[in-house]
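As structure tokens, the structure follows; a few thoughts come after it.
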Amino acid sequence: MKKITSRYFFAVAFLALLVVVPSPVFSESTGKLVVDISGFPNSDGFAMVALNNSEESYKGGENTAVAKTKSMVVDQKAQVIFTNLPYGWYGVSIYHDENSNGEMDKNAMGIPKEAYGFSNNAKGFFGKPAYKKVKFELNSAEKQIAIKLD
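Offset between the sequence shown (1-based) and my numbering: plus 114.
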């Protein structure tokens, strides 16, 4: 009888520890990403923001983003917040939709007419920068990044 009671006690104590002590084995770590955006030429329209988590997603553009959002531009600045993101590598692309038409306006040669920017303030040469230049790691409960549009 004493053996059964001891086993029962240890089994209950072990199960209680599993419930009380959070473990990365049993739960996926997630975080919040705060993106502060500056460099808007004016406060018209919206900041259109795409979040990508792989090179394939990034190359696919806005339609393959893991998350998209838009934010009003106030005093030539904007902020967006993504929550419940699994820890990992991400890249952010932004453009200023000044005329609120939902797309980046370009001239006849395909050059953007609206301001744009990328995480790490990465720059491209005749196109958007490579994913390896824009990616950053989210590995904490909250990460804040700043992007300045060109």
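Where is the CB? At the ideal position from N, CA and C, for every residue including glycine.
Here the structure is a predicted model, which is why all the values come from computation and not from measurement.
E251 counts as exposed, since fewer than 16 other C-beta atoms from the protein chains shown sit within 10 angstroms of its C-beta.
DSSP places E251 in the strand class (E or B) of the three-state scheme.
A distance of 8 Å or more separates the beta carbons of E176 and K184.
Each of A236, G241, H210 was checked against the Cα of G224, and the nearest Cα belongs to G241.
Boundaries for K227: no alpha helix (DSSP H) harbours it, and the DSSP string shows neither H nor E there. The criterion of a C-beta distance shorter than 8 Å is satisfied by K146 and I195. Annotation for N198: T144 place their beta carbon closer than 6 Å to its own, counting only its chain and skipping 5 residues before and after. With fewer than three CB-CB distances shorter than 8 Å, the region 232-241 does not count as touching the region 210-219. Restricting attention to I151, I261, G202, F154, the CA atom closest to the CA of N253 is found in G202. In chain order, L165, N166, N167, S171 place their CB closer than 7 Å to the CB of V180, counting only its own chain and leaving out the 5 sequence neighbours on each side.
Here D158 is not near V188, since their CB atoms are 8 Å or more apart. Between F232 and I261, the alpha-carbon positions lie close to 7 Å from each other. A192 is classed as buried because its beta carbon has at least 16 other beta carbons within 10 Å across all chains shown.
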